[in-house]
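Residues in the sequence shown are numbered consecutively from 20, following my numbering.
Just so you know, even glycine gets a beta-carbon here, dropped at the ideal spot from N, CA and C.
Inspection log for the structure reproduced underneath, given as structure tokens.
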Amino acid sequence: MKRFSPKIPALAGLLLLGACVSPEPAQTVYEGSDMVVPVAPVVEVPVAEPRDEVHARAMLLADILYEAKVAYEDNRLMSPSDNNAYDRYQQVLRLDPGNEVAAAGIQDIVVRYIALADAAMAQAKIGDAESLLERAASLNPERPELAAAYQRLEAARHTRVDRFDIDPRALAEQDLELMVRLAEIARLIEGSEATFLINARSDAEGRWIYKVMREAVGGYRLRGNIDISSTPNILVTLPPG
20 MKRFSPKIPA
30 LAGLLLLGAC
40 VSPEPAQTVY
50 EGSDMVVPVA
60 PVVEVPVAEP
70 RDEVHARAML
80 LADILYEAKV
90 AYEDNRLMSP
100 SDNNAYDRYQ
110 QVLRLDPGNE
120 VAAAGIQDIV
130 VRYIALADAA
140 MAQAKIGDAE
150 SLLERAASLN
160 PERPELAAAY
170 QRLEAARHTR
180 VDRFDIDPRA
190 LAEQDLELMV
200 RLAEIARLIE
210 GSEATFLINA
220 RSDAEGRWIY
230 KVMREAVGGY
240 RLRGNIDISS
250 TPNILVTLPP
260 G
């Protein structure tokens, strides 16, 4: 019977132990020197995506905010559908709920509606003014300016506004008959201490109308404004009573 050498198991153990030990990092030995310099292992660096996701999202938000601003400046506040400032700001808030620019933009829409309502009141368009204030209230009913605007609307309901239409051709020719009529309107305003709004096709036409009216009352300071409109007329707001 053969005998197994005790050296064989010992040798197997050494081989197993060597397999479990992490390999030493590569080293470089310089010729003629005792210096040994370890060589750093090669590390794979991940390749970045062509377009960073965060950057792409920021660009998308910026584009939508720009579209909202353009719509706001064009008075496309809440209409037409899906092509207005409010919808664009809401789109931004869905993507970024804490976006301060979009939140402020919606409040700007509220203020713009109030300003448009005041302009409608000045034109004696009470129904339009009420509709505009309702839209403002649908966005922020607690806005302080809104309560004051409703008070102005209520006062406008009880205010008498007389409208005097002006013939466009007579205005273009600065007709003498028109000048006589403007003088009559001016004396009405002077006697009742009324205010008025001149609607003219250009600033030059509006200033001419005001000049004729003021000269008709001897330079009396008439309280009025000039607005640009395709339909020339004068709106006279008479005081209560």
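Distance, residue j Cα to residue i Cα
{"i": "S41", "j": "E72", "result": "Reliability of the predicted coordinates at S41 is poor, the pLDDT of 49 falling under 50, and no value is obtained from them."}
{"i": "M198", "j": "P160", "result": "47 Å"}
{"i": "I185", "j": "L84", "result": "43 Å"}
{"i": "P187", "j": "I208", "result": "22 Å"}
{"i": "R154", "j": "A90", "result": "16 Å"}
{"i": "S150", "j": "Y169", "result": "11 Å"}
{"i": "I253", "j": "L158", "result": "34 Å"}
{"i": "K88", "j": "V120", "result": "10 Å"}
{"i": "Y229", "j": "S221", "result": "13 Å"}
{"i": "G124", "j": "R162", "result": "14 Å"}
{"i": "T178", "j": "E212", "result": "14 Å"}
{"i": "A141", "j": "V130", "result": "17 Å"}
{"i": "H74", "j": "T214", "result": "56 Å"}
{"i": "I217", "j": "A189", "result": "15 Å"}
{"i": "D127", "j": "R95", "result": "13 Å"}
{"i": "A138", "j": "S100", "result": "24 Å"}
{"i": "Q180", "j": "P258", "result": "This sequence places Val at residue 180; Gln is not what is there. Going from the Cα of V180 to the Cα of P258 covers about 9 Å."}
{"i": "Y132", "j": "R171", "result": "14 Å"}
{"i": "A122", "j": "A167", "result": "23 Å"}
{"i": "A191", "j": "R76", "result": "55 Å"}
{"i": "R200", "j": "Q193", "result": "12 Å"}
Local conformation of residue i per DSSP, three classes
{"i": "I247", "result": "strand"}
{"i": "L254", "result": "strand"}
{"i": "I204", "result": "helix"}
{"i": "L241", "result": "coil"}
{"i": "D181", "result": "strand"}
{"i": "A77", "result": "helix"}
{"i": "A213", "result": "coil"}
{"i": "P259", "result": "coil"}
Outcome for residue i when other beta-carbon atoms lying within 10 angstroms are tallied against a minimum of 16
{"i": "D82", "result": "exposed"}
{"i": "T250", "result": "exposed"}
{"i": "G225", "result": "buried"}
{"i": "A134", "result": "exposed"}
{"i": "M78", "result": "exposed"}
{"i": "R240", "result": "exposed"}
{"i": "G237", "result": "exposed"}
{"i": "L114", "result": "exposed"}
{"i": "C39", "result": "The predicted position of C39 is uncertain, since its pLDDT is 46 and thus under 50; no value can be drawn from it."}
{"i": "G243", "result": "buried"}
{"i": "A174", "result": "exposed"}
Residue i CB to nearest heavy atom of the ligand SAM below 8 Å
{"i": "R107", "result": "No copy of the ligand SAM appears in this structure; indeed no ligand is present at all."}
Supposed close pair residue i, residue j - CB separation, criterion 8 Å
{"i": "Y105", "j": "M97", "result": "5 Å"}
{"i": "A219", "j": "I247", "result": "7 Å"}
{"i": "I145", "j": "R176", "result": "6 Å"}
Along the chain, which unbroken stretches of the alpha helix (DSSP H) at least 4 residues long are found entirely within the segment 95-160? 104-114, 119-141, 145-158
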